[in-house]
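In UniProt numbering, the protein residues as written are 1 to 205. From the three backbone atoms N, C-alpha and C, an ideal C-beta is built for every residue, glycine too. From a predicted model like this one, the values you see are computed outputs, not experimental measurements. This report concerns only the one structure given below.
Shown next, in the form of structure tokens:
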């Protein structure tokens with residue numbers, strides 16, 4: 001749900017105002033159903049929930065001779081805060097499922113370059129700590145004594161060792177790439193991801 005919540009806020013934020021069908025069509029065009037498990041039903045649920053929480057503002061547009069009645073959504077000030085919070089979480093916190101990270105990578109151009117780098121460096125620090133924890137667990141494991149863990153548990157520790165090492169190397173390369181000038185960010189172009197004209201402070205975690 002958090003990934004869908006973030007993506008829905010992002011689309012409404014980018015358009016200024018958007019109705020549910022537009023939000024759904026845009027996210028489906030990104031194939032968000034494949035990498036973020038975002039379905040049509042979850043999109044409309046997110047719109048209703050975000051409106052209930054006053055993170056989105058609802059406007060009812062009456063029908064005309066040419067168009068049916070519809071409901072438009074715009075992002076509130078508290079919705080902007082929630083967007084920044086979720087985007088920070090997506091880029092900073094390693095999670096078992098990749099949907100939040102994928103969403104964060106898609107949306108990171110809405111941040112200033114230095115903020116994106118800061119979030120990713122914090123992610124790298126967490127991964128380094130995870131590596132240390134796995135190494136400590138492996139060193140403490142008694143594979144032969146009376147209190148030995150089952151031998152196949154070594155395979156689990158080996159998996160997490162390789163997983164965290166690979167993730168650490170990947171994010172390190174991405175940081176170098178961004179610091180080297182790759183990609184367009186909000187301070188390069190205020191509308192790099194359809195950013196509103198006003199500049200918002202990054203979310204403080």
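Cα-Cα separation, residue i to residue j
i	j	result
residue 150	residue 167	27 Å
residue 163	residue 99	17 Å
residue 3	residue 62	31 Å
residue 30	residue 40	13 Å
residue 115	residue 84	11 Å
residue 104	residue 89	8 Å
residue 126	residue 67	51 Å
residue 156	residue 118	31 Å
residue 169	residue 65	58 Å
residue 172	residue 158	21 Å
residue 138	residue 178	34 Å
CB of residue i within 8 Å of CB of residue j, strictly
i	j	result
residue 71	residue 58	yes
residue 123	residue 92	yes
Nearest-angstrom beta carbon gap, residue j and residue i [assumed within contact, 8 Å]
i	j	result
residue 186	residue 109	7 Å
residue 86	residue 120	Their Cβ separation, rounded to whole angstroms, is 16 Å, which puts residue 86 and residue 120 out of contact at 8 Å.
residue 23	residue 43	6 Å
residue 10	residue 107	5 Å
residue 193	residue 14	6 Å
residue 20	residue 47	6 Å
Option nearest residue i by Cα separation, candidates the options
i	options	result
residue 51	78, 174, 29, 36	78
residue 7	27, 22, 18, 65	27
residue 55	42, 44, 76, 103	76
residue 189	111, 35, 9, 178	111
residue 97	73, 136, 34	34
residue 94	180, 131, 53, 136	131
residue 81	170, 5, 21, 137	5
residue 160	176, 69, 141, 133	133
residue 102	60, 36, 178	36
residue 165	141, 154, 177, 135	135
**Report entry** Within the stretch 106-132, ranges of the alpha helix (DSSP H) (whole runs, at least 4 residues)
**Finding:** The alpha helix (DSSP H) runs of length 4 or more contained entirely in the stretch 106-132 do not exist; there are none.
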